[in-house]
Structures are given as structure tokens and as C-alpha cells.
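Structure follows, in C-alpha cells:
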């Protein structure tokens, strides 16, 4: 709760700081704000509190995922250096929107009442609509903003409709109270259509937000048009918070109604994996590839959702952390490279191994982590998810997922080919010192997660 | 001497760090560090070979080092223990010796590399360290880690230092091997959820004091309690330890890969399915027809030293995996699918040889001959007889030596002329007499002429395959008869190539760039080829040198597979 209050007030404060002439001061201040929020958030560990008539619960689950999204935001920020250098007028507003959207993300992981979930998703999404279109003079960014807004509004509408139907079937918005009604009704032919319809609509709404197929169509276009800096935020924070909320809904409310959603979700997981991975292969733009890659990772996370045992929340936590860190590193490097070479295709990375050995090394490690090579966090993320699923004897699903992971290696390694096996296509890319520090930190974190996964694999 | 195995693995990795710290232009220093590290590795592996006690009690891993590395709490499922667990037995001993030897030869062969020397030697040593780690690891996770870590350096070594189609070859190699390793990963996950470590479980369940060796009675008691279902859930310690997985008593009742489990998927018992997945995973590496197609491409594009490493060491990891993991952990499936495995082996022998016969590129010819020769490993293993399995292991060692020679030979020709096409050369014996003599040795050794190591290996395998129907009842006789045809084909393609390239009137295709002068071997090339030729001869004349060391453990391996089938 403290983190929500702090983030909101810092966001407002930041808007006022934006009036000052010097743009240089804003980023350090926002980093400081976020660091404070990160620490304050962790102080509530093991101390479950409920707020607003039990509509929000800050428990370890919420704290852990809040830590992930705040940390991700801290790591994303250093890559906005070019905005500062260009004296971008709206810088303070961008940062404030990021802070506000974090409030939405926290509500998505801490909700106890479906209305709170809805409000959280809306807060997060509306900030994202603006940020997607923030590059006002760029046609693609306009397209991204509009597309995301139109599609997102429909999805939110459907989600709301679903929530209302669930309310109609169970008489409550509280997820813990829905549980008993849902379990009782799921086997009752007379009442289950209402519940089933509500659950299906809710599923559609959330799947849209986490870009799970077949509700993923907006992802590549929107991500491509969104400025890279905000894409790094969108593809990590929205996904981590979305899956945490998704998992909470399924595990608390509908654990007893598996017969309704299990077959649907299993089909969606397979389709998501296939579309994400096979779609990524066909891309020539690194940025679009990362968009498809974010779809494919949604597929892996859905497997964790499906395995549904006492380790799936840990698996989701670990996977989101490893995925977020590597994705931010990759997109941060894309941002740096694209600023100088004005290109977001694989060719932009040509010869990076020679001009910027550090960037190339960090990129290689994040690609290895996303692909799931041992000694990186991504490997253990996948291992946890697969072992959780194996316990449910979803062997064939794991085989599908693993074959798709093999496809993943192909497109992740294309950038490594470009970096090390081609002639440089430009000069050395300038990297700020804060960004360098963030990149090194992310690399170290990826290795820590890969060498000593026990530190974080079991905290929930 | 407790750390000898770890030093074998970490000396090259340490050298990688040293090389990374050296300045880029200090090329001589980088090469010397690499040579020093691999030579040290060779000395240690020779020492290990002589110090290995073959008379020791059966199935004894020697020079064992076992440390806890990662402990993960799986909550209701207990604890997961990943160990740094290395040891050597008769099965890995010959491979360790081979790795030590070939690494040095490869460094000598790499001396002429001119592009980005620092990166090349760093990756080379990383590869050597990983291969060594693979052969020494006794923890499945550790094995898998090294197995994956072989891929990346190899991918770069082909992709950056390779021939014109290097990117295609590199990514093809990578995807194929990767699919294999992911199939292995599936089974690995299944195995660790099913298997437990009785000693660690005893400590966790307070049946034995911590920090001491757990006695055999306590282990048996724990196994009994787990089987009876009195010890369940959170008190069980799951393990990746391969020796633990080899005992049927160490599988949790009701788990997915328990030996009594009757779980089925697509009407196949899950354990059989697991065997097949693992088998395919290692078969891709071996490689076996029809998943061999990455090999010719990778060989053709790879620089000579990398081809040597690929053929001599990396292919062996596939065969070694079958020996170390697949057969002992799934003995009943191994017996069930023996016919299939033998059939695939014979298919590889014949198909590989026929392809080799049709190749116009000498390097491709040798690559396909590798496919053919690795088929013998499968055939010998599938026979599940003493002769067959010993022969399969001997074939792995002998092929490691011979194929290194063969690829160095193609390198010699390519260095002088920039071409490897058989049609471009005639009568090389006139300009390169000493080289031709060594070529004859290598070709004859590879086609299995008595007196060379290849003969011993193939003879043992065929003996095993012939006697299999009577002794273990695994393979029908006709498989052995057809496999013998592979020897005939082998003689055909080698002798034909020899005749076309080295005999007749001296002629080199005039359109080859710069009108190459085919001079005889340099000192550096002698240094690589002569020791290998001598070793091939020694191991051909005195097979007991190797067999005495490895047979006891291989026979024990065979017994345990046959008992548990």
C-alpha cells in the first residue's frame, strides 16, 4: 500500500519538477524515487495487510511481483538518456506516466476484488496507450497508439462484461468468495453457462493484455511502432503483472472449476507457443522479433499457469524475473544501437562484436537467457516451468514447448550471427555510464539466477 | 590427487581467462598459453590413465569428487540436489585420454590460424574444457551443462572461422544438436522428478547423521521405506546423480519414470518413450542415419582443427551418452529396442559407406565414413554381448585417432591447393611420398586392415553381433552379415580415392588458384600425423593396452543392463 501511495505522490511531484529548465535532474530523481519504493515495498515482507474493505491484499505474492516490476522499471530508465540529450519537452510527463502505470501494475498483483483488477488494468493500459503513441511525429507510433487504444478498449470492455457475468453467477466480486460458488457451479449444468461465459470473457480480456494467442494480433504492430524505450517497459512490466494477476484469479477463484477453463487454456498455450515462435522466425526486424518473442514467452508462462501446483507461482515469479531482465537488456541495447544506426532490423547489429564488445557480450548473454541455455536465469525459468508441468503429466505439452524452444534458438541466434560474423555497419555506439552500469548489473543478475537459482526460486 | 579430474576440466577454462586478459596482438603468447594448457591436460590424462586401477572392485568410480552445488526446495516434492559430481571409470577413461591427446594435436593444427587469434583459442579451449567435463560428469545436470556448452563455442568456431557457407553450416549444426539436447532435457526433468538420492534422503529424514558416509544398511532401509510409501513428499531428496538413477530401487513409487510405472502415452510405456527421446538426442550427436545430415555440412565448412575436434571428440559424446546414461538407466527399454538400435546402426554403416563412395570432395567422403564407422558403435552396443560392447568402446577410441589423422590429411591438401576435390589431383605420391605413406596408413587403418586399431574394434563388434542371437538374443544374424558388407564398401571408397588421388601420373588441376606446389609435409604436420600413426599401430597390435583398463567396467555395465532388463 505504501508503494502505491509513494508512487502516486512521486508521480505528481515529478510533474512539477518537469517545469524546471534542467532536464538532467529528472532521471536521477526518478531513479531515487523508484529505489525508495523498492525498499519500502520490501519492508512489508511477511506482513500481510488488507486495505479498502479487503479489496487489496499486500502479501508476499504482491510484494514479490511489485519488486519485479519496480526493479524492471529502474533498469529500463537509464536507456532514456537520448530523450534527455534531445531536451525532450515531455520527459517529466513520460516518467510520471511510468510511475502511475506502476500503480496499476501493483493493483493487478494485489487485488482481492475483481473491480480492483479492472481498475489496475485500466490504469496500466491508459498510460501505455499514451506512451505507445508518444513519438508524435512518427506515423508508426501514431498507428501503434491508436491500434493499441482501440483494441485495448474492446478487450477491457469484454473483460468488464466477463466480470459482470461472473458477478451474476456468483453474486460477488471477491475472488475468494467466487471460489466456493464457482466450484459448486462448475459441475451444475443449469448454472454453469453463465459462469462459463463470464470466465471465458475474463480470460479473453486478460489474454489480450498478456498478448496470448489468439488475442495477440496487436502485439507486433504496436510494439514495432512504440518507441523502443517504452516497448522495453511494456513487454516486461505488463507481462509480469498480467501473469501474476492471471495466476491469482485462476488459482484463487477457479481452482475448483478446472473443467471449464483447463482445455481452453491448454489449447491457447499451444497456439501461443506456435505463433510466437514461428512468427518470430519470419521477422527481419529485431524489434518485431522481440514482439513475437514476448508472445512466445507468454506461452511458456501459460504452461506454468496450467501446471497449477504449489510451485507454479514460484515458477511464474522466477520466469518473469529472468525474462524481464534479459528483455530489458536486449531492448536497451536495441535502443542504443538504433539511436545511432537508425535501424531496428538485424542488420543494425552487424559487427557490433567488433565496435562494442561489451554491448555484444551482454546481448549474447541475454539472448542465451531468453533461449534458455544453462547457467543463465532463463534456463532455470524453463526448467521450473517444465518440471511443474511434468508433475501434472502434461508430457506432450512439454514436448511441444521444447520443440518450440528449439525454434527460438534460431531467431535469437540470428542477432548473434549479425554481431560476430558480419562486417560492422556503423561506428562505435556511444553508451552512457548509467546504461553501462545497468547492462552489467543485468548480466550479473542473469548469471546469479542461473548459477544459484535457489536464492530466489523458493521465496513465495 | 583428489582434484585431478577437476583440474582436467578447469585447466582449459583457466587458460581461457588468461587468454582473454592477454592483449590482442600478443599472438605468440596466446598460442603458447593454449599449447601449454592442453599439454598439461594431456600429461594429466596420461597420468590418470596409468594410475587408474582396473583391478579395483567393480563399478567403482575412481578419483571421485562430489560437492553440493544447487539445492532447491520443491516444497511438497522435497528437495532437489544438483551436485558437482565427477569421477572416472573404464567407460570414460579412454575418452579422457582421447580428449587430452586430440586437444594438443588440434592446437598444433591451429597454429596457422590467422583471423582473430585471441577469440579462436579462447573458444577452442572452452570447447575442450566442456568436452572433458562431459566425459567426467556423473551428475546428469552437470553433464547437460557441459553438453550445451559444447554447442556455443563450436557454433562460433564454424560460423566465424569456417568456409564460404559457414553460417548455414553453423546454424544447421546448432539446431540439430540443440533439438537433441532439448530431447535429453525432457528426460532429464522426468528423471529428477522420479529419482531420489537415498543417502541424502536418509540425512534429511534424520535416519543417518549428517556429514558422514551413509552405510549401505541405511540406504537399503531408506529405499525400502520410500518403496513402501512411509517416506514421502517433503523429506525426499531428488537427485540428478547418474549412479543413483541406475538403480531401480531409487525411483519413487508412482513417479513418472518408476520402473514399475505403467503410465503410457500414445500407447507406449513412458519409460520406453524416455529411452527413445534420449536415444534420438544422443543419436543426433553420434550421428546416425537419418539425423546425420548436419555432419557433412559442418565438416566441409569447419577449419581443419575444428573438423578434427568434431570428428574425434564431439561425436564420441553421443556414443558415450548411450553408454553412461541411456543403457544403464533404461535397461529394459534398451533390451526391448535392441533390434531397432542395431538396425539403425547397420543402416548407418551401409548408407554412410554408400554416400562416401559417391562423394567428390575428400572431406565429405571422410565425413560420411565417420557416419559409417559410428554405426559400428551402435551395432556393438545393441548386441549386448561382451565382445560387442567392448568393441563399440574400442571403436570410439580408435575412430577418434583415425579420423583425426584423416581430417589432418585433407587439411594438408587443402592448405597447399585450396581445393579438396578428388578429381583435381592425380599422382600425388610423386610429389609427396612421405605424406602418401601416412595417408596409406590412415586409409588402411580406417578400412579395418589387420594390425591397425580399427580392425580390432570392428572385429569385436562383428563378433558380438554374430554371437548376439545365441548369447543375449538381441540381434538376428542377418544384421551382422549385412554390416560386414560395410567393411567391403569401406575398402572400396578408400582404395578408390587412394588410386585416384595418389597414384598414376602426377597432375594437379591447372585452374586451381596460384598453381599450387604440392610439397611434402612440414615439420609441424609430421608432428601431428606421425604420433597418431604410431598410436593407431600400437593399439592395433596390442589391444590389451586399452582393453585391460576398460573391460572390467564395460563387462559390469553389460551385466547390470542384462540383469535389469
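Protein chains in written order, with my numbering: chain Z, 76 to 535; chain U, -5 to 559.
Cβ atoms here follow ideal geometry from the backbone N, Cα and C, with glycine treated the same way.
Because the structure is a prediction, the values reported are computed rather than measured.
Look at the alpha carbon of residue i and the alpha carbon of residue j, and state the distance between them as a whole number of angstroms.
{"i": "residue 355 of chain U", "j": "residue 107 of chain U", "result": "22 Å"}
{"i": "residue 405 of chain Z", "j": "residue 437 of chain Z", "result": "8 Å"}
{"i": "residue 429 of chain U", "j": "residue 417 of chain U", "result": "18 Å"}
{"i": "residue 116 of chain Z", "j": "residue 517 of chain Z", "result": "21 Å"}
{"i": "residue 376 of chain U", "j": "residue 458 of chain U", "result": "9 Å"}
{"i": "residue 380 of chain Z", "j": "residue 387 of chain Z", "result": "7 Å"}
{"i": "residue 419 of chain U", "j": "residue 501 of chain U", "result": "6 Å"}
{"i": "residue 317 of chain Z", "j": "residue 81 of chain U", "result": "46 Å"}
{"i": "residue 306 of chain U", "j": "residue 282 of chain U", "result": "16 Å"}
{"i": "residue 127 of chain U", "j": "residue 140 of chain U", "result": "6 Å"}
{"i": "residue 1 of chain U", "j": "residue 396 of chain U", "result": "27 Å"}
{"i": "residue 43 of chain U", "j": "residue 49 of chain U", "result": "13 Å"}
{"i": "residue 493 of chain Z", "j": "residue 435 of chain Z", "result": "10 Å"}
For a contact meaning CB atoms closer than 8 Å, what does residue i contact in chain U?
{"i": "residue 481 of chain Z", "result": "169, 172, 173 and 176"}
{"i": "residue 529 of chain Z", "result": "64, 65, 66 and 67"}
{"i": "residue 488 of chain Z", "result": "149, 165 and 168"}
{"i": "residue 216 of chain Z", "result": "Chain U residues near residue 216 of chain Z: none, gap ~34 Å exceeds 8 Å."}
Flag this pair as yes or no: are the beta carbons of residue i and residue j separated by less than 8 Å?
{"i": "residue 526 of chain U", "j": "residue 533 of chain U", "result": "no"}
{"i": "residue 559 of chain U", "j": "residue 381 of chain U", "result": "no"}
{"i": "residue 142 of chain U", "j": "residue 528 of chain Z", "result": "no"}
{"i": "residue 196 of chain U", "j": "residue 181 of chain U", "result": "no"}
{"i": "residue 446 of chain U", "j": "residue 340 of chain U", "result": "no"}
{"i": "residue 321 of chain U", "j": "residue 465 of chain U", "result": "no"}
{"i": "residue 93 of chain Z", "j": "residue 167 of chain Z", "result": "yes"}
{"i": "residue 411 of chain Z", "j": "residue 506 of chain Z", "result": "yes"}
{"i": "residue 323 of chain U", "j": "residue 240 of chain U", "result": "yes"}
{"i": "residue 113 of chain U", "j": "residue 543 of chain U", "result": "no"}
{"i": "residue 496 of chain Z", "j": "residue 157 of chain U", "result": "no"}
{"i": "residue 60 of chain U", "j": "residue 79 of chain U", "result": "yes"}
{"i": "residue 423 of chain U", "j": "residue 497 of chain U", "result": "yes"}
Kindly list, in the order they appear in chain U, the residues whose Cβ is closer than 7 Å to that of residue i.
{"i": "residue 468 of chain Z", "result": "250"}
{"i": "residue 462 of chain Z", "result": "183 and 187"}
{"i": "residue 465 of chain Z", "result": "183, 184, 187 and 250"}
{"i": "residue 474 of chain Z", "result": "180"}
Beta-carbon of residue i versus every beta-carbon of chain Z: anything under 8 Å?
{"i": "residue 244 of chain U", "result": "no"}
{"i": "residue -2 of chain U", "result": "no"}
{"i": "residue 104 of chain U", "result": "no"}
{"i": "residue 7 of chain U", "result": "no"}
{"i": "residue 139 of chain U", "result": "yes"}
{"i": "residue 183 of chain U", "result": "yes"}
{"i": "residue 179 of chain U", "result": "yes"}
Between which residues of its own chain and residue i is the CB-CB distance below 6 Å, once the five residues before and five after are set aside?
{"i": "residue 479 of chain Z", "result": "348 and 352"}
{"i": "residue 487 of chain U", "result": "350 and 351"}
Would residue i count as contacting chain U if we go by Cβ distances under 8 Å?
{"i": "residue 449 of chain Z", "result": "yes"}
{"i": "residue 401 of chain Z", "result": "no"}
{"i": "residue 496 of chain Z", "result": "yes"}
{"i": "residue 77 of chain Z", "result": "no"}
{"i": "residue 484 of chain Z", "result": "yes"}
{"i": "residue 477 of chain Z", "result": "yes"}
{"i": "residue 533 of chain Z", "result": "yes"}
{"i": "residue 117 of chain Z", "result": "no"}
{"i": "residue 192 of chain Z", "result": "no"}
{"i": "residue 409 of chain Z", "result": "no"}
{"i": "residue 458 of chain Z", "result": "yes"}
Residues of chain Z with CB under 9 Å from residue i, in chain order?
{"i": "residue 259 of chain U", "result": "468, 470 and 471"}
{"i": "residue 154 of chain U", "result": "495 and 496"}
Anything in chain Z within Cβ reach of residue i, meaning under 8 Å, just list it in chain order.
{"i": "residue 161 of chain U", "result": "492 and 496"}
{"i": "residue 142 of chain U", "result": "448 and 449"}
Identify, in the order they occur along the chain, each residue of the same chain with its Cβ nearer than 8 Å to the Cβ of residue i, setting aside the five sequence neighbours on each side.
{"i": "residue 204 of chain U", "result": "197"}
{"i": "residue 23 of chain U", "result": "16"}
Closer than 7 Å to a non-hydrogen atom of the ligand NAP - does that hold for the CB of residue i?
{"i": "residue 329 of chain Z", "result": "As presented, the structure is devoid of all ligands, the ligand NAP included, so that no description of it is given."}
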